[in-house]
Amino acid sequence: MIFFGVAGLAIHGWVLITAMSFGHSFVPSQAYVSDHDMIAKSVAMAVTCLAVLFFCRKFVKDFRAPDTSIKAFLVSVFGVLVMPFFVWIIVRATVLTVYPLWLAALVGEDTQLEFSVGDTAGSSFRCQHKVDLAGMPILTGTLCGISGEFHKTLHRGIGVVLSGRGTTDGLFAVEIHVVH
Numbered sequence: 028m029i030f031f032g033v034a035g036l037a038i039h040g041w042v043l044i045t046a047m048s049f050g051h052s053f054v055p056s057q058a059y060v061s062d063h064d065m066i067a068k069s070v071a072m073a074v075t076c077l078a079v080l081f082f083c084r085k086f087v088k089d090f091r092a093p094d095t096s097i098k099a100f101l102v103s104v105f106g107v108l109v110m111p112f113f114v115w116i117i118v119r120a121t122v123l124t125v126y127p128l129w130l131a132a133l134v135g136e137d138t139q140l141e142f143s144v145g146d147t148a149g150s151s152f153r154c155q156h157k158v159d160l161a162g163m164p165i166l167t168g169t170l171c172g173i174s175g176e177f178h179k180t181l182h183r184g185i186g187v188v189l190s191g192r193g194t195t196d197g198l199f200a201v202e203i204h205v206v207h
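Here the working numbering is used: the first residue of the sequence shown is 28, the next is one more, and so on.
Structure (structure tokens):
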């Protein structure tokens, strides 16, 4: 059972990363996120609790073993203190994107969704001219590759329309325009 969950998570992550590598970030709609956020948080909480139990069990096993190396012990401590946060973020983002992403990929049509800009500051080697959409959870509302001139016209709170293949629940963003 765990194998299928991990395999499903890997396939879903592969689709998200592949879409982003071709310049088409997937963004769930704000309506979908607000309607399903409590479900996503509940699932993330349950999985995080299971992860904490797993990491604590590993920690206790390493703590009691007389021949455990310092490195193994520190990895166990890291697992207990830090990994639950990563599990929370990844599971919540997965729950919020899995249905709308696959629906958009399989039966999506040309569509447009309206968002507001949350932040335009910051960029990195992998994400030049980054735009974060307001009200979107981590890993689900970041657009990369916006042209430099257009990026300069964006600021916090401005309305934008994303166009691309998708449904009313989410889309693979291809174009971005300012709402007039």
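Glycine included, every Cβ here is placed at the ideal spot set by N, Cα and C.
task = Please list the segments of the alpha helix (DSSP H) lying wholly inside the stretch 48-135, counting only runs of 4 or more residues, in order along the chain.
result = 57-91, 97-108, 110-134
message = According to DSSP, is Val42 part of a helix, a strand, or is it coil?
response = helix
ask   = Which residue from Ser174, Asp62, Ala92 puts its Cα closest to that of Ile203?
value = Ser174
ask   = Between Phe199, Thr195, Asp196, Leu189, which lies nearest to Val205 when the distance is taken from Cα to Cα?
value = Leu189
query = Are the stretch 76-84 and the stretch 99-119 touching by the rule of at least three beta carbon pairs closer than 8 Å?
reply = yes
task = Keeping to the same chain, check which residues put their C-beta closer than 7 Å to that of Phe113; ignore five residues upstream and five downstream.
result = none
task = Specify whether the stretch 129-148 and the stretch 178-198 touch according to this definition: at least 3 beta carbon pairs, one from each stretch, less than 8 Å apart.
result = yes
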